[in-house]
Amino acid sequence: MRGLLTGDITLHSRGLLVDILTGKTKHSVRTAKIPYGDDPEICPVLAYTAYRTRLVAEHGEQWDDPSTPAFVGIDR
216 MRGLLTGDIT LHSRGLLVDI LTGKTKHSVR TAKIPYGDDP EICPVLAYTA YRTRLVAEHG
276 EQWDDPSTPA FVGIDR
């Protein structure tokens, strides 16, 4: 089983489109729509784009590849 990848998330004019694997094959994908929030301080779309921008800026262009994890694991 694979986790959520950067390539599974697409920025759209109305927010984010997230392709979620719901079964064992590539054909069982559900697309979740995450709209922009009313308050920019807690908007999930702005938070995700800021997170990815900073990740690439601090850790290199390899994190911009669609096959990388959408979220980096944290330990301790």
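Numbers in my numbering are just positions in the sequence shown, counted from 1, shifted up by 215.
Glycine is no exception: its CB is placed at the ideal position from the N, C-alpha and C atoms.
Treat the numbers as computed from the prediction; the structure is a model and nothing was measured.
How is the alpha helix (DSSP H) around residue i delimited, first residue to last?
i, result
"H274", "259–274"
Does the beta-carbon of residue i have 16 or more other beta-carbons within 10 angstroms, so that it is buried, or is it exposed?
i, result
"I289", "exposed"
"M216", "Residue placement at M216 is poorly supported in this model, since its pLDDT is 46, which falls under 50; the coordinates still yield a value, given next. With fewer than 16 Cβ atoms within 10 Å of its Cβ, M216 is classed as exposed."
"E257", "Per the sequence presented here, residue 257 reads as Ile, with Glu not at that position. With fewer than 16 Cβ atoms within 10 Å of its Cβ, I257 is classed as exposed."
"G275", "exposed"
Tell me which residue opens and which closes the beta strand (DSSP E) that residue i is part of.
i, result
"G230", "230–236"
Is residue i near the ligand PLP, in the sense that its beta carbon is under 7 Å from a heavy atom of that ligand?
i, result
"R267", "The ligand PLP is absent from the structure shown, which contains no ligands of any kind."
Taking the DSSP output, what are the residues bridged to residue i?
i, result
"K248", "L232"
"T225", "L232"
"S284", "Residue identity differs from the one stated: residue 284 is Pro in this sequence, not Ser. The partner list for P284 (beta bridge, DSSP) reads L220."
Residue i and residue j look like a contact to me (Cβ under 8 Å); what is the Cβ gap, rounded to whole Å?
i, j, result
"P250", "G230", "4 Å"
*Between the region 237–254 and the region 269–281, are three or more C-beta pairs nearer than 8 Å?*
no
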